[in-house]
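Visitor: Got a structure for you, written out below as structure tokens; questions coming shortly.
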Amino acid sequence: MSRYTPMMEQYRAIKEQYRDAILFFRLGDFYEMFFEDAEVASRELEIVLTARDGGGDTRVPMCGVPFHSADTYIAKLIEKGYRVAICEQVEDPRDARGLVKREVVKVITPGTVLDEIMLEEGRNNYLVALVENPETVGLAVIDVSTGDFRVTEVTGAEARGWLFSELYRLGPAECLVPAWKSEESAIHEFSSRYQRVVITEVDPAYYDYVRAEQKLKDYFGVDCLADLGLDSYRAAVIAAGVILAFLESTQRVPLQHIKQVKPYSTRDYLVLDVTTRRNLELTRNARDGKREGSLLAVIDCCVTSMGKRLLKAWLEQPLVDVAAINERLDAVGELVEALVLRDRLRQELKGVYDLERLVARLGSGTIQPRELLALKVSLGVLPALCALAAEVNSRYLGEALDVDDMQDVYRLLDSAIHDEAPATAREGGIIKTGYHPEVDELRKLAFAGKEWLLEFEKREKEQTGIKSLKVGFNKVFGYYIEVTRANLDLVPPHYVRKQTLVNAERFITDELKNYEDKILGAREKLYALEYEVFQGIREELARHIPRLQAIAAALARLDVLACLAETAFRFDYVRPVVDEADRIHIRGGRHPVVEKFLTEERFVPNDTHLDNAGQRYAIITGPNMGGKSTYMRQVALIAILAQMGSFVPASEASIGVLDQIFTRVGAADDLAGGQSTFMVEMVEVARILRHATARSLIVLDEIGRGTSTFDGMSIARAVMEHICRHIGAKTLFATHYHELTSLAGEMPGIVNLSVSVKESGNEVVFLKKVLPGRADKSYGLHVASLAGIPPQVIRRAEDVLRQLESERGMAPRLQRKVTQLNLFPEEGAFLDELRALDLDELKPVEALQILYRWQENLAPRKERNAKAK
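Written out as structure tokens, the structure reads:
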């Protein structure tokens, strides 16, 4: 015999199937949690933990939340990384024979949420699945809240680095990995080093290619994967199949808004690795990872949620196709010039709700009446927007304006849904009068009884002589007749007492009871019929999902283009020339974020010229706080803005399309990865040297600082030489090793730049202007003084500096030569080879050949360069 009650046995049986989720178990107007779930929920939600009778002498831990406010509590659990299984009563308790039937209707996970309260408006909520093979990584990513479903894969030894870059860009809420080798997944390293991701282990059977292929064909109704553009993918197909299987197991209903899966290639976009994205603070700042202080926060003035998400996507994936870039720039340029058109466009878009997510809720069958009103309002702006199409010249802009106005759907919503529709579909009051005759008839019967009640009250007052008699209604006791205590002696015998109050008694009569049954029965039928009609409207609207999604995409594009034009107008950005030329020319360039937040001084603009005509690599020297890092970052940001299709902060700009941007700036340990500051720096430099091409931009800020001076200087020089000789990437290299400036006279294409400083007595003013030539001083002690180092420490540092400079000047010439030799590893390599020679075995002719080779290698560098030419 069971030790638990039947209801508790039912709970335990259902919970056994969902051990990895918190089970919200519906009991009347509450969701209850029991056992360990109750303990976790009470702690995380800060609600009272109680106990209830579980059967026999068993007391079961319990907590609960009201049904009507459950979304708020679920959102808190999801935000903390939990999964929530929603278990509903699936039959009317009045019709149940014994225990009410219950079952889980959906499982909500961080990557599958649809409710607005759980989502951030300007950010996608991505669920990703990974397939990791030794040489190939497949990635599938979906935002269930918008229907955006994409796949890609990369082959090669650097697949993991690429994966980290994509994951950082996407910022997924949840990642699916196979249970049998979960710990081997790269997602664990990513989650610990870069950003937290909820990792969900799924059935390894999902990772079968044949099963995944069939899942995709069945879901999208195609005969072969070529129809989806996926015939050349394998790992990505498996990943996509995993996502569909997972959604099927958690959502329990068809998701009609997921209409297609799109393959994409990272080669179609400017490559930005994790380090570069973090260093440039494109969408989040480096300080606390939030949006404030990022480039996105500066340029985003979108007026719709859809536009905000698309703007972020454009910024994170700049284009490399010159025609596509200029198509965007043409549209932005037209809106910059057409002030009235831009204002009208933005004003109309302000009336548009989040269509993408409304359509997703429509496709999942969870959209509510009030959300249909939001859909109607959004569609209502389309005629005015479509009328603007005739006023534009840009094809890209015109395509977004020349769309289906969807007035047939608007008319359906306008005629069917009440203007003051309730928040949920079970409340009644959804359907407009005149749309459905039977609804009208039941509504008249249910709510036209006011006159009858007034007549009944008047008649009872006359018959009883009780002038203060009142007829009322409440949800607990229904209709009643209220009589004050002073008049109780006048109450007739056929009045039946129903409720006792402090100063009155409430009664019921057969006539009033019969009326109540009739009215309440009519209301129940009305609400049931309204819900049925609403379901029909929802199904009819679902047929138009592809049209609605096309509209949402067009409006998002319009919003982004208008936003970029508004930003350009507000901040005095200019249209860049973007082409295939191999150069970056910027006149009067400004850092968009620093400029925005400067309050007490004007931003100092600077020029940049990098090309293949003698000025391709710039070595930048100057003091800390002089503006070197800001200058280099602004060049990278201007290039990114240009390739996303935006105007740029400059007085003039010409950008030859880049394939990659690399940055190596700042210094920090990677404690999670077990790497020191210097090791982190070297790993980043190694990645740059392996992947940069002649079409790349490299930004290097102070490499070699994490080791001894001569080691650091040697590495810095060797890196710069390698870039010049073997890569040819346009490079900005800031350094405090002033010795490196000699490279400008030794290697073609290298120039020296410095940030200017004005000295007046003991005062130093950083002018922030970048000029040709090398810096003479580093001004490190002045910066230390500005930072608040005590004066006595500064004075001692000055003494030490003078002593070191004196000793350096008196050092033997030979010592300086040896030190200089250390800058060139190849010039000292023969010593190691000499020590390794076995003279007993070496033949005379071999010895001569070795000596000849050494002599050639040790020839003066200029002589070798001359020979090379």
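For the numbering used here, add 212 to where a residue sits in the sequence shown, where the first one is 1. We put the CB at the ideal spot given by N, CA and C, even for glycine.
1) Just to confirm before moving on: does the CB-CB distance between SER868 and ARG907 stay below 9 Å?
2) Taking three-plus beta-carbon pairs below 8 Å as touching, is the region 821 to 831 in contact with the region 938 to 950?
3) Short of 8 Å in beta carbon distance, which residues of its chain neighbour GLY563, apart from the five on each side in sequence? Order them along the chain.
4) How should GLU315 be labelled, buried or exposed, when 16 other C-beta atoms within 10 angstroms of its C-beta is the threshold for buried?
5) Which residues bound the beta strand (DSSP E) around TYR691?
6) Classify GLU333 as helix, strand or coil using the three-state DSSP reduction.
7) With respect to the beta strand (DSSP E) encompassing PHE668, which residues constitute its N-terminal and C-terminal limits?
8) Rank GLU401, CYS436, ILE354 and ARG446 by C-alpha distance to the C-alpha of THR367 and give the top, closest one.
9) What did DSSP end up calling GLY885 once you bin it into helix, strand or coil?
10) Just to confirm my understanding: we take TYR243, look at its own chain, exclude 5 residues before and 5 after, and list those with CB closer than 7 Å. What are they?
11) Could you have a look at ALA451 and say whether DSSP puts it in helix, strand or coil?
12) Tell me whether ASP923 is buried or exposed, calling it buried when 16 or more other Cβ atoms sit within 10 Å of its Cβ.
13) Thinking just about the alpha-carbon of each residue, which of CYS514, GLY453 and ILE693 is nearest to the one in LEU713?
14) How many whole angstroms separate the CB atoms of LEU980 and VAL963, which I take to be in contact at a CB cut-off of 8 Å?
15) In terms of alpha-carbon separation, which member of ILE643, LEU440 and LYS288 lies closest to ILE259?
16) Near GLY373, which residues of its chain fall below 7 Å by C-beta distance, leaving aside the five closest residues on each side in sequence?
17) What would DSSP say about PHE1036, mapped onto helix, strand or coil?
18) Kindly indicate which residue of ILE234, HIS950, ARG769 and ARG569 has the alpha-carbon position closest to the one of ALA928.
19) Do you know whose CA, among ILE470, LEU853 and GLU728, lies nearest VAL688's CA?
20) Helix, strand or coil for GLY857, going by three-state DSSP, please let me know.
21) Determine whether the beta carbon atoms of VAL548 and ARG554 lie at a separation below 9 Å.
22) Given a cut-off of 9 Å on the beta-carbon distance, is the pair LEU382 and ASN336 in contact?
23) Less than 8 Å between the CB atoms is what I'm expecting for ILE915 and ALA851, so what's the real figure, rounded?
24) With DSSP run on the structure shown, which of helix, strand or coil describes GLU378?
25) Can you give me the C-alpha to C-alpha distance between LEU952 and ASP913, rounded to a whole angstrom?
26) If I measure Cβ to Cβ from MET219 and keep anything under 6 Å in the same chain, skipping five residues before and after, which residues do I get?
27) Are the beta-carbon atoms of PHE719 and ARG735 separated by less than 9 Å?
28) Is LEU507 closer than 9 Å to GLU493 when the C-beta atoms are compared?
29) Please state whether DSSP places ALA391 in a helix, a strand or coil.
30) Have a look at VAL703 and THR676 and give me their C-alpha separation to the nearest angstrom.
31) Any chance you could list the beta strand (DSSP E) runs of at least 3 consecutive residues sitting entirely within the region 383 to 444, in chain order?
32) Taking the alpha helix (DSSP H) that GLU864 belongs to, which residues open and close that run?
33) Contact check, LEU681 vs GLU667 under 8 Å by CB: the rounded distance?
34) Do ALA391 and GLU425 come within 9 Å of each other at the CB atom, strictly closer than that value?
35) Determine the DSSP secondary structure at GLU365, reduced to helix, strand or coil.
36) Distance check for HIS903 and GLY839, CA to CA, integer angstroms please.
Guide: Let me lay it out:
1) On the sequence shown, residue 868 is found 656 positions in, with the first residue counted as 1. On the sequence shown, residue 907 is found 695 positions in, with the first residue counted as 1. Contrary to the premise, residue 868 reads as Gly rather than Ser in this sequence. Contact: yes.
2) yes
3) Here the question's residue 563 lines up with position 351 in the sequence shown. Here the set comprises VAL589, SER590, GLY592 and VAL593.
4) Your numbering for residue 315 matches position 103 in the sequence shown. Exposed is the call here.
5) On the sequence shown, position 479 is the one that residue 691 refers to. Looking at the DSSP string, the run of the beta strand (DSSP E) that includes TYR691 is 690 to 696.
6) Against the sequence shown, residue 333 aligns to sequence position 121. GLU333: coil per DSSP, three-state reduction.
7) For the purposes of this step, residue 668 is taken as residue 456 along the sequence shown, with counting starting at 1. Where PHE668 is concerned, there is no enclosing beta strand (DSSP E), although the alpha helix (DSSP H) it sits in stretches over 662 to 676.
8) Stepping through the sequence shown from its first residue, residue 367 is reached at position 155. Minimum Cα distance to THR367 is reached at ARG446.
9) Counting from one through the sequence shown, the residue named residue 885 turns up at place 673. The predicted position of GLY885 is uncertain, since its pLDDT is 48 and thus under 50; a value taken from the coordinates is nonetheless stated next. GLY885 falls in the coil class under three-state DSSP.
10) Here residue 243 refers to the residue found at position 31 of the sequence shown. These residues qualify, in order along the chain: PHE236, PHE237, GLY276, VAL277, PHE279 and ALA282.
11) The residue you call residue 451 lines up with position 239 of the sequence shown. The answer is helix: DSSP assigns ALA451 an H, G or I state.
12) On the sequence shown, position 711 is the one that residue 923 refers to. When all chains shown are included, ASP923 counts as exposed.
13) Translated into the one-based positions of the sequence shown, residue 713 becomes position 501. Here the closest residue by C-alpha is ILE693.
14) On the sequence shown, residue 980 is found 768 positions in, with the first residue counted as 1. On the sequence shown, residue 963 is found 751 positions in, with the first residue counted as 1. A quick correction: the sequence has Lys, not Leu, at residue 980. At roughly 19 Å, the Cβ-Cβ gap does not stay under 8 Å, so LYS980 and VAL963 are not in contact.
15) Counting from 1 along the sequence shown, the entry for residue 259 is found at position 47. Residue LYS288 is the option with its Cα nearest to ILE259.
16) Translated into positions along the sequence shown, residue 373 becomes position 161. Excluding residues within five positions, the ones whose Cβ falls inside 7 Å are ASP485 and ARG899.
17) Here residue 1036 refers to the residue found at position 824 when the sequence shown is read from its first residue. Here PHE1036 scores only 43 on pLDDT, less than 50, and its place in the model should not be relied on; the value that follows carries that caveat. Residue state, collapsed to three classes: coil.
18) For the purposes of this step, residue 928 is identified with residue 716 of the sequence shown, where counting begins at 1. Here the closest residue by C-alpha is HIS950.
19) Here residue 688 refers to the residue found at position 476 when the sequence shown is read from its first residue. Nearest option by C-alpha distance: GLU728.
20) Residue 857 sits at position 645 when you count from the first residue of the sequence shown. Reduced to three states, the DSSP call for GLY857 is coil.
21) By one-based count along the sequence shown, residue 548 stands at place 336. By one-based count along the sequence shown, residue 554 stands at place 342. In contact: VAL548 and ARG554 (Cβ atoms closer than 9 Å).
22) In the sequence shown, counting from the first residue as 1, residue 382 sits at position 170. In the sequence shown, counting from the first residue as 1, residue 336 sits at position 124. Yes, Cβ-Cβ distance for LEU382 and ASN336 is below 9 Å.
23) Translated into positions along the sequence shown, residue 915 becomes position 703. Translated into positions along the sequence shown, residue 851 becomes position 639. Actually they are not in contact, since the Cβ atoms of ILE915 and ALA851 sit about 21 Å apart, beyond 8 Å.
24) Numbered from its first residue, the sequence shown carries residue 378 at position 166. Correct three-state label for GLU378: helix.
25) Here residue 952 is taken as the residue at index 740 of the sequence shown, counted from 1. Here residue 913 is taken as the residue at index 701 of the sequence shown, counted from 1. Their backbone Cα atoms lie some 13 Å apart in a straight line.
26) The sequence position of residue 219 within the sequence shown is 7, counting from 1. So no residue of the chain qualifies.
27) On the sequence shown, position 507 is the one that residue 719 refers to. On the sequence shown, position 523 is the one that residue 735 refers to. The answer is no: Cβ separation not under 9 Å.
28) Mapped onto the sequence shown, residue 493 falls at position 281. Mapped onto the sequence shown, residue 507 falls at position 295. Going by C-beta atoms, GLU493 is nearer than 9 Å to LEU507.
29) The residue labelled residue 391 in the question sits at position 179 within the sequence shown. Helix at ALA391.
30) As a working note, residue 703 is residue 491 in the sequence shown. As a working note, residue 676 is residue 464 in the sequence shown. For VAL703 and THR676, the distance between alpha carbons rounds to 7 Å.
31) 386 to 390 and 410 to 414
32) On the sequence shown, position 652 is the one that residue 864 refers to. Per DSSP, GLU864 belongs to no alpha helix (DSSP H); it is in the beta strand (DSSP E), 864 to 868.
33) Indexing the sequence shown from 1 puts residue 681 at position 469. Indexing the sequence shown from 1 puts residue 667 at position 455. That pair is no contact at about 13 Å.
34) Within the sequence shown, numbered from 1, the residue matching residue 425 stands at position 213. Within the sequence shown, numbered from 1, the residue matching residue 391 stands at position 179. For GLU425 and ALA391, no; Cβs fall outside 9 Å.
35) What you label residue 365 is simply residue 153 of the sequence shown in a count that begins at 1. It is a strand residue.
36) Within the sequence shown, numbered from 1, the residue matching residue 839 stands at position 627. Within the sequence shown, numbered from 1, the residue matching residue 903 stands at position 691. Each residue's alpha carbon lies about 28 Å from the other.
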